[in-house]
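Taking the numbering used here, the leading residue of the sequence shown gets 52, the next gets one more, and so forth.
Every residue, glycine too, gets a C-beta built ideally from N, C-alpha and C.
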Amino acid sequence: QVQLVESGGGLVQAGGSLTLSCAASGSIFGFDVMAWFRQAPEKQRELVASITRGGNINYRDSVKGRFTISRDNAKNTVYLQMNSLKPDDTAVYYCASRRLRSISYDSWGQGTQVTVSS
């Protein structure tokens, strides 16, 4: 079983930056792949970025060039550096993890609110 604890959300003006952190504990195989999702009010949860233990990274198109996902395997922590934030980035951001061969993410953090004001 994996436990994920997020931190770093908050309120920021458009154009500003925030960094989210997510610390994982438990079975190390359970966080081969770590990711950030977000869910805005009345919208479906969407994948923002993912990173494997080996460093393979994927981003959704709308955040490419603005967000950077990284992980420190020694600390079992994943980060999301968010720059040039837009009001459309406002959402609850969730950290998630899965085994490498799993199809779905089966461990989730509690979520952290990110609000971008215009």
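Distance between residue j and residue i (C-alpha atoms, nearest Å)
i, j, result
"Gln-90", "Val-143", "5 angstroms"
"Leu-98", "Ala-125", "24 angstroms"
"Ser-101", "Ser-169", "27 angstroms"
"Arg-104", "Tyr-130", "13 angstroms"
"Gly-171", "Asn-127", "With the chain covering 52 to 169 only, the question about residue 171 has no answer from this structure."
"Ser-76", "Gly-106", "19 angstroms"
"Lys-115", "Asn-134", "10 angstroms"
"Gly-67", "Ser-153", "35 angstroms"
Rounded Cβ spacing between residue i and residue j (contact assumed at less than 8 angstroms)
i, j, result
"Val-167", "Val-63", "6 angstroms"
"Cys-73", "Gly-162", "With a Cβ gap of about 11 angstroms, Cys-73 and Gly-162 do not count as contacting."
Residue i, buried or exposed, once every other Cβ within 10 Å from all chains shown has been counted against 16
i, result
"Arg-122", "buried"
"Leu-151", "exposed"
"Ile-120", "buried"
Run of the beta strand (DSSP E) containing residue i, from where it starts to where it stops
i, result
"Ala-75", "69 to 77"
"Arg-89", "84 to 90"
"Val-99", "97 to 103"
"Leu-136", "Taken as a continuous stretch (DSSP letters only), Leu-136 belongs to no beta strand (DSSP E), as it is neither H nor E."
Helix, strand or coil at residue i according to DSSP, with G and I counted as helix
i, result
"Gly-60", "coil"
"Ser-155", "coil"
"Ser-148", "strand"
"Ser-113", "helix"
beta-carbon residue i near the ligand SAM non-hydrogen atom, thresh 8 angstroms
i, result
"Ser-76", "Ligands displayed in this structure: none; no statement on the ligand SAM is therefore possible."
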